[in-house]
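A.B. asks:
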Amino acid sequence: MTTVHRTCPLCEAVCGLTLTLDEGGHVTRVRGDQDDPFSRGFICPKGASLGRLDEDPDRLRRPLIREGDLWREAGWDEAFDLVKANLDRVVATYGRQALGIYLGNPSVHSMAGSLYGGPLIKALGTRNVFTASTADQMPKHVASGLMFGHPLAIPVPDLDRTDFLLMLGANPLESNGSLCTAPDFPGRLKALRARGGRLVVVDPRRTRTAALADEHVFVRPGTDAYLLFGLVHTLFAEDLTRVAQPVGGLDEVREAAKHFPPEAVARRTGVPADVVVRLARELAAAPTAAVYARIGTCTTEFGTLAQWLVDVLNTLTGNLDRPGGAMFAKAATESPGRRRPYTVGRWRSRVRGLPEANGELPVATLADEIETPGEGQIRLMVTVAGNPVLSAPHGDRLDAAFAGLDFMVSVDPYLNETTRHAHVILPPPRVLQSGHYDFALLGLAVRNYARYSPPSLPLDGRPSEALILSRLAGIASGLEGDLDEFVIGGMLARAVETPGSGVEGRDVAELRAELDGETGAERRLDLMLRLGPYGVWAGKGDLSLRKLLDHPHGLDLGPLEPRLPEVLRTASGMVELAPPQLLEDVERLRGRLEEEPPEIVLIGRRHLRSNNSWMHNVAPLVGGSNTCTLQINPADVSRLGLDGTAVVRSARGELTVPLEPTDTIMPGVVSLPHGWGHAGSAQAVAAEHAGVSANVLTDETAIDLPSGNAVFNGVPVTILPSGVITAH
736 MTTVHRTCPL CEAVCGLTLT LDEGGHVTRV RGDQDDPFSR GFICPKGASL
786 GRLDEDPDRL RRPLIREGDL WREAGWDEAF DLVKANLDRV VATYGRQALG
836 IYLGNPSVHS MAGSLYGGPL IKALGTRNVF TASTADQMPK HVASGLMFGH
886 PLAIPVPDLD RTDFLLMLGA NPLESNGSLC TAPDFPGRLK ALRARGGRLV
936 VVDPRRTRTA ALADEHVFVR PGTDAYLLFG LVHTLFAEDL TRVAQPVGGL
986 DEVREAAKHF PPEAVARRTG VPADVVVRLA RELAAAPTAA VYARIGTCTT
1036 EFGTLAQWLV DVLNTLTGNL DRPGGAMFAK AATESPGRRR PYTVGRWRSR
1086 VRGLPEANGE LPVATLADEI ETPGEGQIRL MVTVAGNPVL SAPHGDRLDA
1136 AFAGLDFMVS VDPYLNETTR HAHVILPPPR VLQSGHYDFA LLGLAVRNYA
1186 RYSPPSLPLD GRPSEALILS RLAGIASGLE GDLDEFVIGG MLARAVETPG
1236 SGVEGRDVAE LRAELDGETG AERRLDLMLR LGPYGVWAGK GDLSLRKLLD
1286 HPHGLDLGPL EPRLPEVLRT ASGMVELAPP QLLEDVERLR GRLEEEPPEI
1336 VLIGRRHLRS NNSWMHNVAP LVGGSNTCTL QINPADVSRL GLDGTAVVRS
1386 ARGELTVPLE PTDTIMPGVV SLPHGWGHAG SAQAVAAEHA GVSANVLTDE
1436 TAIDLPSGNA VFNGVPVTIL PSGVITAH
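Per our numbering, the very first residue in the sequence shown carries number 736; after that it's consecutive.
Following this line, the structure appears as structure tokens:
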């Protein structure tokens, strides 16, 4: 038996795991790593099932090539040659804007996805870039970019020191946290209450998190921005603001908030006016406080305004960049950025004219770009670790669009609802055969921390995920040579010319010789660590790859500290409270203030033992409470004459779904989990627990305008008894 220590890559909590492997490399036991200074032994059902996921018999081991409706295994060279021939053909015939790429959620949980996704996009040379971000968190990136000057400058609640936490649209007891990296999020919330703090959860459902809280407030889905504006209004009206940071636009925010008094937002949100006023007063009076909002507020029609108002509140109450408030992590691989204005809309999509954000277009318009003839029509798609047929709005339309592509190549371990349209599938190796470092997630951690997990098992002759993506980038660019050496050379050349880097004026070859690591990915990580804020080259610490290898349980780098001046990248050097793009959208919000809510709306939900569609093929993670049912209030069941199952109908489609009556959801709201819809799947367990895809019901034309994010919460639907047949 062998014991190895790894970071769990299955969600955003970055928990440390201790795995026991037998002689054949099979996982026989998974425990929480008690010596990890961040997670301290915490483990959830997903992490406990890592071995089963890693050794899933349906996981692909060799490339698949599709010929008609049949698949055959192929060698790696044959598969790459087929990709090259078709990519060259499409580019020669239609140009590079006929190429498209989609990066899925697991890319963020992959070291290779983080390091090689960007070079692959650059090599393709197309503006048709789509990711899971516009089906999830793009409103937060846009709001942070406009306020702080960088889309990754995202403040997180200082969970371990705050006295008051107001949480909207988040359910970390199920999700383990999101855009807030916090192992044992449940334990940290319990500790908050144990030390006398207060937790208030605002959600259309009484989730497990809401049940733990001191107070749960029901709110109509999609109206979070109104509620938050009501809080802002109260802070100004009662002179409760205490701004402690240099800000611009304070008067503009005050003026905008005048139109959202508590009485008006109460009618729109369903939250009583006296509750709005009380919550504002509690936020202002708490010794320290933080407002935190997540996917339930992002995936709405006014998602960017909601995310903006979260940090407006953190700023107005004096809690931005303050211990116990909303703070900025200092990641070990962080690099200084240039001070330049952040903007969106540098280009627009061909068909609907939707603006780019962070270099990508909204996934809600991907089907348009594939289906609509003309110059720039997408004819070849590359997908990496994603299943947009189930995760994007109006997924059945996207399913049909993929079927019409000239060519498609997918980097994915599974033959799933999306990759079944590919002509070539290139499967990455097992989790335990891959190194792991959380580049993105550690920039959102509630305590500064670093940990690297080297491969636990050899590759046995198959290419690493890094090599797969590098080879695709080489095919797309036509350039030969070592991608890693090219990137390392460029980073070193910039570093030696940058004042304050710690290596200015030094010889590039000499620095290159100091780098450690057995692979290009490890050497790139070593370079980033050495140049980072704790790095041995930066002169501020002794961090390097070697030090992380010598500390397999991870390194605690200390609590979050105030650092706003170095984080800000706005042209003014101040927190911009009133970006013009958002004030413009406030007028749209104001115009909907008196609107009557739909009779019934649909929202999503998370499961503790699931993280999107790719975890539904592991038997211990399906069944029980982790099922695809429609949660509905018993009063609605009685009023609508429902029994057992019901038809859910929207402007885009309809589904027949088993009902789960529960008083944990407010009347007029129904909830269906996302990521299901595996009927006919090649994955045996997933097919047995198929469920239905909620995105048959969602509308690709409904987006949050500033960010392009798809709307998945607050979708108007009609609920009918399953035996009723009407014209649709």
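Where is the CB? At the ideal position from N, CA and C, for every residue including glycine.
1) Could you tell me whether the Cβ atoms of residue 1312 and residue 937 are closer together than 7 Å?
2) Measure from the alpha carbon of residue 1101 to the alpha carbon of each residue in 1128, 920 and 817, then state which is nearest.
3) Determine the DSSP secondary structure at residue 851, reduced to helix, strand or coil.
4) So for residue 1000, helix, strand or coil by DSSP?
5) Using the Cα positions of residue 1146 and residue 1427, report the straight-line distance between them to the nearest angstrom.
6) Assuming residue 1377 contacts residue 1394 under a Cβ cut-off of 8 Å, what Cβ separation, rounded to an integer in Å, is found between them?
7) Verify whether the separation of the beta carbon atoms of residue 1004 and residue 955 is less than 7 Å.
8) Classify residue 1221 as buried or exposed, calling it buried when 16 or more other Cβ atoms lie within 10 Å of its own Cβ.
9) Taking 7 Å as the limit between beta carbons, can you name the residues of its chain near residue 1230, skipping five residues before and five after?
10) For residue 746 and residue 767, which I take to be in contact (beta-carbon distance under 8 Å), what is that distance rounded to the nearest angstrom?
11) At which residues does the beta strand (DSSP E) containing residue 1145 begin and terminate?
12) Report the residue ranges of all beta strand (DSSP E) runs contained in full by the segment 1180-1260; include only those spanning at least 3 residues, in chain order.
13) Identify the residues that DSSP records as bridge partners of residue 865: which are they?
14) Is the Cβ-Cβ distance between residue 1011 and residue 997 less than 7 Å?
15) If you reduce the DSSP assignment to three classes, tell me which class residue 828 lands in.
16) If you pair each beta-carbon of the segment 831-847 with each one of the segment 1060-1079, do three or more pairs fall below 8 Å?
17) Please say whether residue 975 and residue 1019 have beta carbons closer to each other than 7 Å?
18) Do residue 1414 and residue 1425 have their C-beta atoms closer together than 7 Å?
19) Nearest-angstrom Cα distance between residue 1463 and residue 1216?
20) Taking contact to mean 3 or more Cβ pairs, one atom from each stretch, closer than 8 Å, check whether the segment 1138-1152 and the segment 1172-1179 are in contact.
21) Relative to the C-alpha of residue 1343, which candidate in 1111, 1261, 980 and 944 has its C-alpha closest?
22) Can you tell me the Cα-Cα spacing of residue 833 and residue 1079, whole angstroms?
23) Quick one: using the 10 Å Cβ neighbour count with 16 as the cut-off for buried, is residue 686 buried or exposed?
24) Could you tell me whether the Cβ atoms of residue 1268 and residue 1042 are closer together than 7 Å?
25) May I ask which residues mark the beginning and end of the alpha helix (DSSP H) holding residue 1269?
26) From the DSSP output, read off the bridge partner residues of residue 959.
27) Please check the pair residue 979 and residue 1057, which I expect to be a contact at CB under 8 Å, by giving their CB distance rounded to whole angstroms.
28) Residue 1051 CB to nearest chain C CB: under 7 Å?
29) What number of angstroms, rounded off, separates the C-alpha of residue 950 from the C-alpha of residue 1002?
30) Three or more beta-carbon pairs under 8 Å between the segment 1307-1327 and the segment 793-810, yes or no?
31) What does DSSP give as the partner residues of residue 933 in its beta bridges?
32) Give the single residue among 764, 794, 759 and 816 whose Cα lies nearest to the Cα of residue 1159.
33) Just verifying my parser: in three-state terms, what is the DSSP assignment at residue 1448?
34) Helix or strand or just coil, what does DSSP make of residue 758?
35) Give the single residue among 1087, 1228, 1252 and 862 whose Cα lies nearest to the Cα of residue 1244.
36) Would you mind working out which of 1097, 869, 1093 and 1092 sits nearest residue 1086, comparing C-alpha positions?
C.D. replies: Here's the rundown:
1) no
2) 1128
3) helix
4) helix
5) 25 Å
6) 6 Å
7) yes
8) exposed
9) 1236, 1238 and 1266
10) Contact flag wrong, Cβ pair sits at about 14 Å.
11) 1142-1146
12) 1182-1185
13) 837
14) yes
15) helix
16) no
17) yes
18) yes
19) Reliability fails at residue 1463, whose pLDDT of 48 lies under 50, so the model's placement of it is uncertain and the value that follows must be treated cautiously. Taking the straight line joining both Cα atoms gives about 57 Å.
20) no
21) 944
22) 23 Å
23) No information on residue 686 is available, as it lies outside the stretch 736 to 1463 that the chain covers here.
24) no
25) Residue 1269 -> no alpha helix (DSSP H), and no H or E assigned at all.
26) DSSP lists no partner for residue 959.
27) 7 Å
28) Of the protein chains in the structure, only one exists, and it is not chain C.
29) 21 Å
30) no
31) 899
32) 816
33) coil
34) coil
35) 1228
36) 1097
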